[in-house]
Amino acid sequence: MTQQPHPLSLTLKILFSICLTLFTSLPLTLGQQPKVNALVAPIKKDFSTSLYTIALNPTKQFLIDLAGSIVWSPCPPNYGLVQCTAPICNEALTFRYPDCLPIINGPKSPGFCRCISSTKSPVTEACFAGDETLIHIFVASTDGKNPTSLASADYVNICAPQSALAGLPPHTIGVAGFGRTTLVSLPARLAWDLSFYNQFALCLPSTRKAPGVAFFGAKPYRLLPSYLPDISNFLCYTTLLKSPNNSDAGYYLDVKDIAVNGMSVPLPTHELKFDSTARGGFKLSAIIPYTAMRSNIYEPFIEAYKVATKGIRRVPRVKPFELCFDTRALGSTMVGYSVPPIDIMLNDGKNWTIFGANSLKDVRTNTACLAFVNGGRKEIPAITLGGFQMEDSFLHFDVPNSTLGFIPTLRGLQTTCSNFNFTSGV
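With mature numbering (1 follows the signal peptide of the UniProt record, and there is no 0) applied, the sequence shown corresponds to residues -31 to -1, 1 to 395, in that order.
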């Protein structure tokens, strides 16, 4: 049998890797709007689709798209139009998908040129175009510990046909793009509208019992238990890369290698960089459920994991996974099943370490599978980190400075993404 990590060494590894009731029940107050420094919103996981949604208020549940450049949803009646010369129109047009038809903005009335933008569903990849508009909402402000009051804000929205909602989780009215933009993504627009710095934090839940949390704006970011300090104190920071493809608003990590149980995997590491056609790289995604790798990366990776777990009893595979284990043969730790860790090794010397809670997925009784999949030989990013691998991780995006603060697992701090106190602090 393969020797399992000693509990003490595992605890030290966890600490090292960390270093390197929703709105409908909130008695929030409305009044003259003071200066708003931060907003907070709950995140839910839809277990039927493995997608994550954010509730901007009780009636506005949006799918989270980390690579999306803008918000889109069907528009209300009598919505206002945006002029085609407006900065928010110009920026939206720069993120047009190459496989979607180009847009020619035209007059709505004499002397007015309306803004029409195109985008696509991240789920079905169907393209569509619609008017650009501003939609008014009230979002919960926060002191970092609780929601405090309701803040008034606008977001930029592309008017989508009802057919664009196909494949989204039930009760979802559209998609919220969290991508790297200056004016039109959801975080960028909220920051601009409320005059705070363009930064946000995402904490995806792993359970349906309680929501995860999204913060927009300033720290602190506090989770229960109450004795924990501001979570941002534990963040490790690394550089975020931008795709050479200007229409890609996604976030990429600067990865040099992958290790399993401390042993480097023999990979074609040049594919972790962008090539001359903007293919390659290591992308973050809340749309795909499990990390997808190009075939020539997945194959040596899965072989390395088989070697590292050769002493653990296997069971027949459960699609889409290749490698499955009898959970009765696995130990348990504070960070999930006691299995070899997977290190995403960054070029700045830091590691994003994936432990059992984010590497093995329970698929049926006594069976858990390695939750990484073969993305095929034509996968555009070489590796796309999926939502399951980011659950109960804390991710802080500083968009202007292109940096990511990350805690690979909050379980090492004895908390989770579902431990924000959504009870009103007022």
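For each residue, glycine too, the CB sits at the ideal point set by N, CA and C.
Following the DSSP letters along the chain, one finds L171 inside the beta strand (DSSP E) bounded by residues Q168 to C172. Under the three-pair Cβ rule at 8 Å, the region 7 to 15 does not count as touching the region 85 to 99.
By the 16-neighbour rule on beta-carbons within 10 angstroms, E348 is buried. Non-local beta-carbon contacts of N327 in its own chain, meaning distances under 6 Å to residues more than five positions away in sequence, involve Q358 in chain order. A direct Cα-to-Cα measurement between C53 and D100 gives close to 10 Å. Short of 6 Å from the beta carbon of E360, and not among the five residues preceding or following it, lie these beta carbons of its own chain, in chain order: L173 and S175.
Assignment of A160 by DSSP, reduced to helix, strand and coil, places it in the helix class.
Under DSSP, H365 shares a beta bridge with A170 and G374.
Within the region 113 to 149, complete beta strand (DSSP E) segments of at least 3 residues are found at 116 to 128 and 143 to 146, given in chain order. Judged by beta-carbon spacing, S42 lies beyond the 9 Å limit of P138, meaning their Cβ atoms are not closer than that value.
Going by C-alpha positions, V368 is about 6 Å away from Q168. Taking a cut-off of 8 Å on C-beta distances, the region 58 to 71 does not touch the region 23 to 36, as fewer than three cross pairs fall below it.
Taking C-beta atoms as the reference points, R158 and I266 fail to come closer than 9 Å.
DSSP places Q358 in the helix class (H, G or I) of the three-state scheme.
In the DSSP annotation of this structure, the continuous segment of the beta strand (DSSP E) that includes N343 starts and ends at F341 to G345.
Leaving aside the five residues that flank A183 on each side, the residues in its chain whose CB is nearer than 6 Å to its CB run, in chain order, A10, I12, I23 and L171. Three or more beta-carbon pairs separated by less than 8 Å are not found between the region 324 to 343 and the region 241 to 248, which leaves the two stretches without contact.
Under a 10 Å Cβ-count criterion, T102 is classified as buried, with 16 or more other Cβ atoms of the shown protein chains found around its own Cβ. In this structure, the alpha-carbon of L197 lies about 18 Å from that of H365. Burial is judged here by how many other beta carbons sit within 10 angstroms of a residue's own beta carbon; N370 has fewer than 16 and is exposed. If you draw a straight line from the Cα of Y206 to the Cα of F81, it comes to about 46 Å.
Nearest to S201 by alpha-carbon distance, out of N390, S393 and L379, is L379.
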